[in-house]
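Notes to accompany the following structure.
Protein chains in written order, with our numbering: chain L, -15 to 279; chain S, -15 to 279.
Dropping the structure here:
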């Protein structure tokens, strides 16, 4: 059952030739990501977060005083509020919280650290709405997981309060691409391959930036004092080692960690939750974790 | 709060000089492990599992048709039903199942594979009691985690039905001792140090046995087809890398994995659940996982 659903998602993702060029990639991710629209009972509302575009969402019965601050994936170059709307809004429903999705600036037009600046702006905007730091879960998939970790790193450096916990789906944590599964899972991952990641990393952190910089590759950051983190990754992902090594690094730094590896799931599979039971179950598992740590 | 509790456990464990000699180690582990006796509402009953000594336990309201088959830790050389009685019985209560704890033969008197033979005997005894494989969770701490994995490996090789899931606390998965945290966590782990592990491994798998044998070091086993596994480990453990590397190996083999890293917890901390909230919470987390997978 779950496997035939994931096969259908694989077909959807490979039904057209792989796009070339940033505009084409963005259009394609928006297209496949919005195959299933947002549920009709979700209220969405655009918001200007001090110059950074965002979108609130609320499911019936959610607690407006608690917020999932969400950063979409797309390798820092594509992805949008549109492409990830179904994922964010259903995550908010599962967690019983309001969500704030952020349209941070994208590379290559805006390389590092523009994304960090936008994430900080959104965080501070959210805090100024009166939302307690302990009522915020920061999360994202892929590059959005990277950005979530970098935001926490920046907040710690600024001695600001941190989020209650972090939710990281298929996070891209190592832009030096040293993970073993980049090779060993290459044949089964329909989306993420090393050459593509190299192109994204060149756009986001061009020379002379050092990809080993802990703010660019949070796998190499000192994670001491980070809030509890849930890391979810599929077993059919070239980025699986980015997740498992992050779990170990966080554990070494005495961070509370829960790592879930989902058999046969692909990169950022909760995006497809409308048609994928394991996507809905992953959101349910995330909800369980988040409810444990949100104040 | 949790940290002062764990400090008290650390004091208990280091209150006497570290014992030397197998008899002294066994007596010491039985002594500290039974500091808190079994709760008064638990029914325990000795059982002869076709020549292997065991003990049933039942908490009020548990489902007798579902069983936690438990293998205690102690490096294959010490540990017993007595030392782990509080951990097993409270795990059974949390999971809502009956438990069967096994007094498998210990090294050095009985080296590998005596423990595997006893585990298989106990498994087949349990099955012949009419317990469905899908109603059994196999689990253990430390060497008991190793034995749980090895039992599953043996069952797969014999083409027998497997347990519904596995529960591994601080598992010892690599008897070649190649994990990075053996060095990096040496100063904070009050119990497990490389020289001690070498002594245990020499007793359990003496030359000419090869410690890289997947039946001796399940980290090197082909884990394909293994049931879902929950791995719980403390961040103050030299064996943390044994847990995180097992998670990655299982994920690579498409096994459903949940890895939990518990800050400041020490080796096999759920043994001390009577006086340690994080021990009780770990059992609650294990219960959540087991209930999801038990038929």
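All residues carry an ideal CB built from backbone N, CA and C; glycine is no exception.
Nearest neighbour of residue i, chosen from the options [CA to CA]
{"i": "residue 89/L", "options": "248/L, 249/L, 263/L, 100/L", "result": "100/L"}
{"i": "residue 172/S", "options": "223/S, 233/S, 230/S", "result": "223/S"}
{"i": "residue 244/S", "options": "231/L, 49/L, 59/L", "result": "231/L"}
{"i": "residue 145/S", "options": "-1/S, 227/S, 210/S, 179/S", "result": "210/S"}
{"i": "residue 151/L", "options": "67/L, 273/L, 194/L, 108/L", "result": "273/L"}
{"i": "residue 264/L", "options": "277/L, 216/L, 227/L, 106/L", "result": "216/L"}
{"i": "residue 180/S", "options": "192/S, 32/S, 191/S, 166/S", "result": "166/S"}
{"i": "residue 168/S", "options": "214/S, 136/S, 226/S", "result": "226/S"}
{"i": "residue 36/L", "options": "85/L, 66/L, 11/L", "result": "85/L"}
{"i": "residue 59/S", "options": "46/S, 157/S, -12/S, 279/S", "result": "157/S"}
{"i": "residue 24/L", "options": "183/L, 131/L, 8/L, 69/L", "result": "69/L"}
{"i": "residue 11/S", "options": "-12/S, -2/S, 67/S", "result": "67/S"}
{"i": "residue 257/L", "options": "72/L, -1/L, 129/L, 8/L", "result": "72/L"}
{"i": "residue 234/S", "options": "255/S, 204/S, 261/S", "result": "204/S"}
{"i": "residue 164/S", "options": "127/L, 140/L, 139/L, 229/L", "result": "229/L"}
{"i": "residue -3/S", "options": "187/S, 254/S, 261/S, 175/S", "result": "175/S"}
{"i": "residue 46/L", "options": "4/L, 38/L, 83/L", "result": "83/L"}
{"i": "residue 342/S", "options": "-6/S, 255/S, 268/S, 117/S", "result": "This structure cannot settle anything about residue 342/S, because the visible part of chain S is limited to -15 through 279."}
{"i": "residue 106/S", "options": "198/S, 162/S, 138/S", "result": "138/S"}
{"i": "residue 266/L", "options": "74/L, 143/L, 141/L", "result": "74/L"}
{"i": "residue 214/L", "options": "132/L, 261/L, 191/L, 161/L", "result": "132/L"}
{"i": "residue 97/L", "options": "198/L, 40/L, 41/L", "result": "198/L"}
{"i": "residue 40/L", "options": "113/L, 159/L, 212/L, 1/L", "result": "113/L"}
Residue-level contact to chain L via CB, residue i, 8 Å cutoff
{"i": "residue 251/S", "result": "no"}
{"i": "residue 235/S", "result": "yes"}
{"i": "residue 151/S", "result": "no"}
{"i": "residue 231/S", "result": "yes"}
{"i": "residue 224/S", "result": "yes"}
{"i": "residue 191/S", "result": "no"}
{"i": "residue 219/S", "result": "yes"}
{"i": "residue 157/S", "result": "no"}
{"i": "residue 168/S", "result": "yes"}
{"i": "residue 263/S", "result": "no"}
Test item: CB-CB of residue i and residue j under 8 Å
{"i": "residue 275/S", "j": "residue 79/S", "result": "yes"}
{"i": "residue 154/S", "j": "residue 221/S", "result": "yes"}
{"i": "residue 51/S", "j": "residue 104/S", "result": "no"}
{"i": "residue -10/L", "j": "residue 200/L", "result": "no"}
{"i": "residue 247/S", "j": "residue 121/L", "result": "no"}
{"i": "residue 43/L", "j": "residue 17/L", "result": "no"}
{"i": "residue 148/S", "j": "residue 136/S", "result": "no"}
{"i": "residue 259/S", "j": "residue 6/S", "result": "no"}
{"i": "residue 184/L", "j": "residue 33/L", "result": "no"}
{"i": "residue 297/S", "j": "residue 94/S", "result": "What is shown of chain S runs -15 to 279, which leaves residue 297/S out entirely."}
{"i": "residue 252/S", "j": "residue 207/S", "result": "no"}
{"i": "residue 64/L", "j": "residue 102/L", "result": "no"}
{"i": "residue 115/S", "j": "residue 49/S", "result": "yes"}
{"i": "residue 195/L", "j": "residue 189/L", "result": "yes"}
{"i": "residue 187/S", "j": "residue 270/S", "result": "no"}
{"i": "residue 3/S", "j": "residue -6/S", "result": "no"}
{"i": "residue 123/L", "j": "residue 87/L", "result": "no"}
{"i": "residue 130/L", "j": "residue 202/L", "result": "yes"}
Contact with chain S by residue i, beta-carbon distance below 8 Å
{"i": "residue 242/L", "result": "yes"}
{"i": "residue 246/L", "result": "yes"}
{"i": "residue 238/L", "result": "yes"}
{"i": "residue 280/L", "result": "No statement about residue 280/L is possible, as the shown extent of chain L runs from -15 to 279 and does not include it."}
{"i": "residue -15/L", "result": "With a pLDDT of only 48 at residue -15/L, under 50, the local geometry of the prediction cannot be trusted, and the value read off the model is given with reservation. Judged by the 8 Å Cβ criterion, residue -15/L is not in contact with chain S."}
Given 8 Å, three or more beta-carbon pairs between the stretch 19 to 34 of chain L and the stretch 50 to 62 of chain L: no
Every unbroken alpha helix (DSSP H) inside the stretch 58 to 90 of chain S [4 residues or more]: 69 to 79
Segments assigned beta strand (DSSP E), at least 3 residues, entirely inside the stretch 118 to 206 of chain L: 120 to 125, 149 to 153
Secondary structure, beta strand (DSSP E): runs of 3+ residues fully inside the stretch 245 to 274 of chain S: none
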